[in-house]
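Engineer: Everything in the sequence shown is counted per full-length UniProt numbering, starting at 1 for the first residue and increasing by one.
Before anything else, here's the structure in question.
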Amino acid sequence: MSATIKDIARICKVSEGTVDRALNARPGISKKTKEYILNVAKELNYTPNHLARGLAKGRSMTLGVILFDVRNPYFAQLMNAIEVKARELGYVVFPIFTHSDTQNERKALEHFKTRQVDGIIMFSVQSGHEFEKELLDLKIPIVTIGNRISGGWTYVGINERESMKDAVKHVVSQGYEEIIYICPPLTRRGEVNLYTLEERLAGCREGLSEMGKKEPLVIMDSDYIKAISQIDLESQPKKAVVCPADIYALEVLNHYKKNKIRVPEQIGLMGFDDIDTLKYISPRLCSVRYPVSEIGITAVNRLLEEINGNHNKHLNVLLLQHQIVTGESL
């Protein structure tokens, strides 16, 4: 049977409240007493009962997480970071994957309400006033990542527009004059929340405009490989394909390799996300890197602040830094 706070208090000859202050780094206790209590707790292999503590505060010690899927390595890395950080803080995470389906998202939210999770981290499929009303009716703290819903919800991510703007400016700086921009999900405009992808496309257009270049050729077809196959690579000006996710860029690169089209000699290629898989790919794909794990960790920390009633309306948008990975594909 594991040791309890009561056992530690008896051995240390202090009150249970003093032990609790030592274990949870609360004030009102001397450094010497705190160190003594922590050493005794370690010797007894004391393990805190987060569930019991949570129940005493009216909490389930669980968090809900809503993401698209884990086929994209970005989501897998994000989910791992969230789970590890939440576990460190004594929380169990329940992940649900929507596969970009609005009904799946609604069912997930209802499920989390039934399970009485303490908070939710979500990469939303939906937006709009009606959806926001549904979220408010849950009466559960929510932190959004990836797709913003509105200024009324805490958001953790990167500056999507600026990051893509930097990406296309880098492409142009390498001598490319014409940009082919691939983004199949944009065919669902008006149906689902496409904040991230809309911002990246806007960044692409703004970046090209600021560099004095013409609008990109935007390909939204699901069969984008067929679409790029029809582009004349021999004619001038020099062309590059830009993708808002590495998973699309890798498909493009695979197509070019199969057809003996040389990257970057015949056409340039730029991705986004800098997923781990890229280190095994040749030529090394140029991409945009940002701290995916840190986004997950920050989202958990911020959600816990909101659960504890420490919501700061002046800090509801937390943007992390991005950087260009030069690679070999331009």
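All C-beta atoms in this analysis are idealised placements derived from N, C-alpha and C, irrespective of residue type, glycine included.
Between which two residues does the alpha helix (DSSP H) containing M164 stretch?
Structural biologist: Against the sequence shown, residue 164 aligns to sequence position 164. Per DSSP, M164 belongs to the alpha helix (DSSP H) from 160 to 173.
Engineer: So does the region 122 to 140 actually touch the region 190 to 197, counting three or more Cβ pairs closer than 8 Å?
Structural biologist: Yes, they touch.
Engineer: Could you check the C-alpha separation between L320 and V292 for me, to the nearest Å?
Structural biologist: One-based indexing of the sequence shown puts residue 320 at position 320. One-based indexing of the sequence shown puts residue 292 at position 292. Distance between the alpha carbons of L320 and V292: 9 Å.
Engineer: So, is K32 buried or exposed, given that buried needs 16 or more other C-beta atoms within 10 angstroms?
Structural biologist: Translated into positions along the sequence shown, residue 32 becomes position 32. By the neighbour-count rule (16 or more Cβ atoms within 10 Å), K32 is not buried but exposed.
Engineer: My output table needs one value for R71: the three-state DSSP class, helix, strand or coil.
Structural biologist: For the purposes of this step, residue 71 is taken as residue 71 along the sequence shown, with counting starting at 1. It is coil, neither helix nor strand.
Engineer: Confirm, please, whether the CB-CB distance from K239 to E328 is below 9 Å.
Structural biologist: Along the sequence shown, one-based indexing puts residue 328 at 328. Along the sequence shown, one-based indexing puts residue 239 at 239. It is not a contact, given that the beta carbons lie outside the stated cut-off.
Engineer: Could you give the distance in angstroms between the alpha-carbon of L233 and the alpha-carbon of M61?
Structural biologist: On the sequence shown, residue 233 is found 233 positions in, with the first residue counted as 1. On the sequence shown, residue 61 is found 61 positions in, with the first residue counted as 1. So the two alpha carbons sit approximately 56 Å from each other.
Engineer: Could you check how far apart the C-beta atoms of A167 and V70 are, in whole angstroms? I think they sit under 8 Å.
Structural biologist: Counting from one through the sequence shown, the residue named residue 167 turns up at place 167. Counting from one through the sequence shown, the residue named residue 70 turns up at place 70. Not a contact, Cβ separation roughly 25 Å.
Engineer: Under 8 Å: do the region 262 to 274 and the region 204 to 214 share three or more Cβ pairs, one atom per stretch?
Structural biologist: Contact between the region 262 to 274 and the region 204 to 214 is absent, because fewer than three Cβ pairs lie under 8 Å.
Engineer: Shortest alpha-carbon distance to N147 belongs to which of I66, N308, E88?
Structural biologist: Here the question's residue 147 lines up with position 147 in the sequence shown. Of I66, N308, E88, the residue nearest in Cα terms is I66.
Engineer: Counting along the chain, where does the beta strand (DSSP E) carrying I5 start and finish?
Structural biologist: Within the sequence shown, residue 5 is the residue found at index 5, counting from 1. Element bounds for I5: not the beta strand (DSSP E) but the alpha helix (DSSP H), 5 to 12.
Engineer: Which class does K31 belong to by DSSP, given the choice of helix, strand or coil?
Structural biologist: Here residue 31 corresponds to residue number 31 of the sequence shown, with the count starting at 1. Residue state, collapsed to three classes: helix.
Engineer: Go through its chain and collect everything with a Cβ distance to E160's Cβ below 8 Å, but skip five positions before and after it.
Structural biologist: Taking the first residue of the sequence shown as 1, we reach residue 160 at position 160. Counting only Cβ-Cβ distances below 8 Å, and skipping sequence neighbours, we find Y195, T196, E199, R200, G203.
Engineer: Spell out the partners DSSP gives T154 in its beta bridges.
Structural biologist: Taking the first residue of the sequence shown as 1, we reach residue 154 at position 154. Per DSSP, V143.
Engineer: Classify L315: buried if its beta carbon has 16 or more other beta carbons within 10 angstroms, exposed otherwise.
Structural biologist: The residue given as residue 315 occupies position 315 in the sequence shown. Under this definition L315 is an exposed residue.
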